[in-house]
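Quick note: to get our numbering, add 553 to the position in the sequence shown (first position is 1). We put the beta carbon where it would ideally sit given N, CA and C, even for glycine. Quick caveat: nothing in here was measured; it's all calculated off a predicted structure.
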Amino acid sequence: MLFVFRMLLMGLHFVLAGVLGVILGVCRPFNPDNSRLCARLYALPAMCILRLRVKSDVGGLLDKPDSCVIIANHQSNYDLFVFGNVVPRRTVCIGKKSLKWVPLFGQLFWLAGNVLIDRGNAHKARQSMLTTTHTLQNEETSIWVFPEGTRNLGEELLPFKKGAFQMAIAAGVPIVPVCVSSYIKHMRLNRWRSGDVLIRSLPAIPTVGLTMDDMPMLIEQCREQMRECIESMDRQLQAA
């Protein structure tokens with residue numbers, strides 16, 4: 554019964570947050586800080602409804618360079634609410650083009666200055682990547698990417714796609730990994746307290762001087778650091 558009540562409240566919250574987010578986007582369209590404000594708009598009430606206790610250690614993320622590529626592991630649609638409280642200023646996200654068909658959220662996502670990529674069209678996807686490279690180099694804006702490309706459901710990290718690393722190397726900006734514990738496997742929405750979540754950012758990884766030939770090494774370095782961090786946070790929660 555508690556689960557059903559929570560889902561009803563979350564549905565209502567999603568609609569209200571979408572309406573407010575679209576109004577914000579219309580008032581200042583494509584402002585790169587819209588994403589942070591909208592993320593908070595979704596995340597703060599959602600954490601109260603879901604009763605998830607999130608502990609974050611993201612000093613490195615908050616003190617990030619003006620422009621960087623932020624990469625994070627992707628478990629579920631709840632990531633919108635879990636990560637929402639740690640999105641730094643002037644940070645936009647890359648999402649698939651089909652998001653634009655989600656009522657309210659799709660329009661909010663677009664007006665917030667986020668990048669929609671048509672993964673089925675290689676030419677358009679490449680053009681979008683060139684646009685984001687220009688943004689990183691010239692507009693003091695960071696890009697948030699889920700390099701797995703799809704949800705891993707709290708299991709082992711999926712292989713990373715190349716896009717985020719191509720952008721970082723092309724723009725010469727650092728990569729900042731952000732990790733969240735495997736919450737989706739332990740979240741119990743039919744209980745008053747649904748669970749604990751840990752979020753941790755890792756030190757920035759520079760890309761200056763790297764070429765596309767260095768990309769496989771860079772991908773493996775980032776993936777291994779994130780894997781170790783996630784496992785460490787999972788052990789910490791289990792011990793608690």
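What did DSSP end up calling V568 once you bin it into helix, strand or coil?
Reduced to three states, the DSSP call for V568 is helix.
How would you write the range of the alpha helix (DSSP H) that S613 sits in, first residue to last?
Here residue 613 is Gly; the residue named in the question, Ser, does not match the sequence. Where G613 is concerned, the enclosing alpha helix (DSSP H) stretches over G612 to L615.
Is the distance from the Cβ of V726 to the Cβ of P618 below 8 Å?
In this structure, P618 lies closer than 8 Å to V726 by Cβ.
Considering Cα atoms alone, identify which of V761, S735 and M765 is closest to R753.
Selected option, being the one with the closest Cα: S735.
Please state the DSSP three-state secondary structure of R642.
Coil.
If V639 and V668 are in contact, beta carbons under 8 Å, what's the gap, nearest whole angstrom?
No, V639 and V668 are not in contact; Cβ-Cβ is about 20 Å, not under 8 Å.
How far does the beta strand (DSSP E) with C782 in it extend, from its first residue to its last?
Run containing C782: none in the beta strand (DSSP E); it sits in the alpha helix (DSSP H), M768 to A792.
With a threshold of 8 Å between beta carbons, is V622 in contact with chain B?
Any reference to chain B falls outside this structure, which holds one protein chain only.
CA-CA distance, M765 and G571?
If you take the alpha carbons of M765 and G571, they lie about 39 Å apart.
Just mark E693 as buried or exposed, buried being the case when its beta carbon has 16 or more other beta carbons within 10 Å.
Exposed, because fewer than 16 other Cβ atoms sit within 10 Å of the Cβ of E693.
Count Cβ pairs between the region 742 to 757 and the region 599 to 610 that sit closer than 8 Å; are there 3 or more?
In short, these stretches touch, since the Cβ pair count reaches three.
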